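Colleague: Mind looking over this structure? Questions follow.
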Ligand SMILES: *[C@@H]1O[C@H](CO)[C@@H](O)[C@H](O)[C@H]1NC(C)=O
Ligand SMILES: *[C@@H]1O[C@H](CO)[C@@H](O)[C@H](O)[C@H]1NC(C)=O
Ligand SMILES: *[C@@H]1O[C@H](CO)[C@@H](O)[C@H](O)[C@H]1NC(C)=O
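Numbering (mature numbering (1 follows the signal peptide of the UniProt record, and there is no 0)), first residue to last: -24 to -1, 1 to 257.
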């Protein structure tokens, strides 16, 4: 019996170890479906932040599109790393939670603060609500609040959320500030470029136009600058993109939850085996 029982315990230990490896936070996996954020994924890897981020259990990444991140991607690696750490909030915020914030402004702690290098609040971000919009900026007093919340890209409550913002936040002390892009996304006309491109693309024209007509005007400016070029090449990305925006939470959260279900099933099998080995004796 001793042998049977101890081998059952060994099995249990191994299974528990394996299931605990399935982690809820994997920023690479969260973003791999969204090519418009591939530069950020690459820069997290280059600055060796990926494993540091993935070790966290509750995190919100303020994501920048490939276009938006261009203004900082060429900076020296150490500077870039600090700036990127300032885009990783050590708490969970998706659209629901951001909109539910009662205070006009809230200070958020970032990964940069956890390095102990923060000075004058530059390890914090200030999240400010104004005219129904949500802005992010450095927590340093008087720092500009110019990075606008665009959308929630990925959410796995309450472990990982990825929210897109309009431009990089460079806190005082972490590098030269990024200028606000000349045409602010909200004041540019909603859909001219996609419409033009849709009209130029022969076959799927109607479907595509319908798609844009359906989307609320607020969404259009964000779509236009980041993805217009790829749309011109092929009609395919359009549905995929609108699918992304409307993607229900359950869908996004699927991989981790199915992973944990698998873990549970393993556990159930194991318990059965454990019981069976006693019964066998
Ligand atoms: C995270 O996801 C990527 C892409 O799916 C995978 O290659 C990598 O092994 C995962 N990392 C961890 C720590 O699970
Ligand atoms: C997800 O977050 C919760 C609450 O912060 C934490 O207790 C849990 O361990 C996290 N899950 C994983 C797999 O990290
Ligand atoms: C956040 O920024 C706004 C606008 O600059 C400012 O009025 C507010 O005091 C700041 N909040 C905090 C907590 O620093």
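Beta carbons are placed, not taken as given, at the ideal position from N, Cα and C, and that holds for glycine. No experiment lies behind these values; they were computed from the predicted model shown.
1) Spatial neighbours of residue 82 within its chain, please: CB distance less than 6 angstroms, with the 5 preceding and 5 following residues excluded, ordered by chain position.
2) Grab me the residues of residue 258's own chain with a C-beta within less than 6 angstroms of its C-beta, minus the 5 sequence neighbours each way, in chain order.
3) Report whether the distance from the Cβ of residue 17 to the nearest heavy atom of ligand 1 is below 7 angstroms.
4) Following a CB-centred definition, is residue 36 positioned closer than 7 angstroms to any heavy atom of ligand 1?
5) Which residues share a DSSP beta bridge with residue 37?
6) In terms of residues, what are the limits of the alpha helix (DSSP H) holding residue 4?
7) Quick check: the Cα distance between residue 87 and residue 27, rounded to an integer number of angstroms?
8) Enumerate in chain order the residues of its own chain whose CB-to-CB distance from residue 120 is below 7 angstroms, with the five nearest sequence positions on each side excluded.
9) To the nearest whole angstrom, what separates the beta carbons of residue 76 and residue 144, a pair I think is in contact under 8 angstroms?
10) Starting from the N-terminal end, write out each residue whose C-beta falls within a distance shorter than 6 angstroms of any non-hydrogen atom of ligand 1.
11) Leaving out five residues on either side along the sequence, give the residues of the same chain with a beta carbon under 8 angstroms from the beta carbon of residue 149.
12) Quick check on residue 9: buried or exposed, where buried means 16 or more other Cβ atoms within 10 Å of its Cβ?
13) Enumerate in chain order the residues of its own chain whose CB-to-CB distance from residue 66 is below 6 angstroms, with the five nearest sequence positions on each side excluded.
14) Residue 100 by DSSP, collapsed to three states: which one?
15) Excluding sequence positions up to five away, which residues of its chain have a Cβ less than 8 angstroms from the Cβ of residue 51?
16) Please determine whether the Cβ atom of residue 135 lies at a distance below 7 angstroms from any heavy atom of ligand 2.
17) Which residue comes first and which comes last in the alpha helix (DSSP H) that contains residue 149?
18) With respect to the beta strand (DSSP E) encompassing residue 132, which residues constitute its N-terminal and C-terminal limits?
19) Between which two residues does the beta strand (DSSP E) holding residue 83 run?
20) Could you pull out every residue in the same chain whose Cβ sits closer than 6 angstroms to the Cβ of residue 138, ignoring the five residues on either side in sequence?
21) In the structure shown, what three-state DSSP assignment does residue 22 receive?
22) Is the Cβ-Cβ distance between residue 14 and residue 42 less than 8 angstroms?
23) Got a sec, what are the start and stop residues for the beta strand (DSSP E) residue 75 sits in?
24) Can you tell me the Cα-Cα spacing of residue 157 and residue 78, whole angstroms?
25) On the criterion of 16 or more Cβ atoms from any shown chain inside 10 Å, does residue 106 qualify as buried, or is it exposed?
26) Less than 8 angstroms separating the beta-carbons of residue 70 and residue 133?
Modeller: Working from what's here:
1) 103
2) Since the first residue of the chain shown is -24 and the last is 257, residue 258 is not available in this structure.
3) no
4) no
5) 64, 138
6) Unbroken alpha helix (DSSP H) run through residue 4: 3 to 7.
7) Approximately 13 angstroms, taken between the alpha carbons.
8) 113
9) Their Cβ separation, rounded to whole angstroms, is 26 angstroms, which puts residue 76 and residue 144 out of contact at 8 angstroms.
10) -2, 2, 4, 5, 8, 30
11) 95, 96, 98, 116
12) Residue 9 comes out exposed.
13) 85
14) strand
15) Beyond the five residues adjoining it in sequence on each side, residue 51 comes within less than 8 angstroms, by CB distance, of 59, 151 in the same chain, given in chain order.
16) yes
17) Note, residue 149: premise wrong, no alpha helix (DSSP H); not H, not E.
18) 123 to 132
19) 81 to 85
20) 6, 37, 39, 129, 130
21) helix
22) yes
23) Premise fails: residue 75 lies in the alpha helix (DSSP H), 71 to 76, not in any beta strand (DSSP E).
24) 29 angstroms
25) exposed
26) yes
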